[in-house]
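Some notes on the structure that comes next.
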Amino acid sequence: MKQLIVLIFGLLIFLPLSQAQDCTEDCVWPGDLNANGVANYLDFLTFGFCYQTTGPVRTNQSTMWEPLEAEDWTGSLPVLATNFKHSDADGNGIVDEMDRFVIAVNYTLTNPNFVDFLGHEIDGNDLFAVLVDSLVSPGESLVFDIHLGTAANPITDIYGIGFQINIDSQYVQNVLFDYTENWLGLDDDILIHDKYSDEHDFIGMALTRFDGMPVSGFGRIARLEIVITDVVLGLELDTTACIPFPIMFENVLGIDENEEDKFITTHADTMGIKHPSQLTSIFDVEDQRKHSFRVYPNPTNGHITIESGTAFSDLNLYNQMGMLVWQQELSLPQEALLIDLSSSKIPVGLYFLSVGNGEARTVQKLLLD
Ligand SMILES: [Ca+2]
Ligand SMILES: [Ca+2]
997 MKQLIVLIFG LLIFLPLSQA QDCTEDCVWP GDLNANGVAN YLDFLTFGFC YQTTGPVRTN
1057 QSTMWEPLEA EDWTGSLPVL ATNFKHSDAD GNGIVDEMDR FVIAVNYTLT NPNFVDFLGH
1117 EIDGNDLFAV LVDSLVSPGE SLVFDIHLGT AANPITDIYG IGFQINIDSQ YVQNVLFDYT
1177 ENWLGLDDDI LIHDKYSDEH DFIGMALTRF DGMPVSGFGR IARLEIVITD VVLGLELDTT
1237 ACIPFPIMFE NVLGIDENEE DKFITTHADT MGIKHPSQLT SIFDVEDQRK HSFRVYPNPT
1297 NGHITIESGT AFSDLNLYNQ MGMLVWQQEL SLPQEALLID LSSSKIPVGL YFLSVGNGEA
1357 RTVQKLLLD
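Numbering (our numbering), first residue to last: 997 to 1365.
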């Protein structure tokens, strides 16, 4: 009896494995939705294209990076001709949230079919960074907007775009994303993927519509905030140095509603990391003079202490668009205060904390992470 149980158990383990090994043709690799041999941000465009499509359930619903036998679905990508079965990464018969999760699980893995990435780098001005500040100090945030199209050169009939941004991760502590201004669509109209892979020195991003309707326009599609490490070795050795921090777009792929390539052009930009003593713009001098209060820790998870040389009675928190997101009025003026913003459901990102006493008002940057 015991031997029989062991035998049945052994068969149960063996069966899925043998199915995986049996697949030799047009096999599904979970997470490689477009079947080009790698799981990455560009598979997210296929995810948007096939979103909510249904088909036969896969016998082996493994999400491991391995070739799996799967029955063909009725549809396929119009240009790549990839059968829709590849979009069902978890094999449950529908393309939905779990499948985007599998892209992330098997991210950057390749298989023997991998030849090249699908995106390209054509020099031009369709996709580019708009710098808020071109210089930054260690421990501060480098903020820039990603623009797609300009007023002079708008983008017509785009459905989705995916790309990677190469950065030097040795200087990067964290990357934050903001999509509040984005002409490709509002929250309900688009699906968004972003992932910072510090081990590979790149940020992968994709934004796609899923309603079959392309859009035309120009301007910002995302804001990125790269938090620079507190210690930058080059500046420790030479405080007058300027460490170049290039931002390069790579493997850019824009598609229309028929999956046709939009041939989106792009160009790189370089920012610089400098020692705080070397940043002497008028803005910075004014900023330091205005800072008559201290807020810490910064960055914060929401629990902060505010200390001021003069008593204050009201606090306002603004987002980067200048919109008021939180406020508090004190019944008695205080010179120090403990605050908990963590329960206020304020999204992570860069904010401006304004402290006032009815006569004067001072502002400081506050990074919630
Ligand atoms: Ca792929
Ligand atoms: Ca699925």
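Yeah, the Cβ is synthetic: ideal placement off N, Cα and C, and Gly gets one too.
### Query
Does the Cβ of D1039 lie closer than 7 Å to at least one heavy atom of ligand 1?
yes
### Message
Below 8 Å on the Cβ atoms is my contact criterion, and I expect L1203 with I1157 to pass it. Report the Cβ-Cβ distance as a whole number of Å.
### Response
6 Å
### Distance cut-off 7 Å: A1035 Cβ against heavy atoms of ligand 1
yes
### Query
Should L1029 be counted as a contact of ligand 1 given a C-beta to heavy atom distance under 7 Å?
yes
### Message
Helix, strand or coil for L1003? Go by DSSP, reduced to three states.
### Response
For L1003, the predicted model reports a pLDDT of 46, less than 50, meaning its position is unreliable and no value from the coordinates is stated.
### Query
Can you tell me whether DSSP reads Q1057 as helix, strand or coil?
coil
#### Entry: Exposure label - L1229; buried when at least 16 CB within 10 Å
exposed
### Task
Consider the C-beta atom of D1068 and the heavy atoms of ligand 2; say whether any pair is separated by less than 7 Å.
no
### Query
Closest by CA to Y1347, which one among D1022, Y1155, I1099, E1221?
E1221
### Query
Taking 7 Å as the cut-off, is the CB of N1032 close to at least one heavy atom of ligand 1?
yes
### Task
Flag V1024 as yes when its Cβ comes closer than 7 Å to any non-hydrogen atom of ligand 2, and as no otherwise.
no
### Task
Starting from F1045, follow the alpha helix (DSSP H) in both directions and report where the run begins and ends.
1039 to 1046
### Task
Please work out which residues of its chain come closer than 7 Å, Cβ to Cβ, to V1344, disregarding the five sequence neighbours upstream and downstream, and give them in chain order.
L1172, L1364, D1365
### Query
Would you say N1102 touches ligand 2, meaning its beta carbon is less than 7 Å from a heavy atom?
no
### Query
Considering only residues of the same chain and omitting the five flanking positions on each side of L1073, which have a CB-CB separation below 6 Å?
E1255
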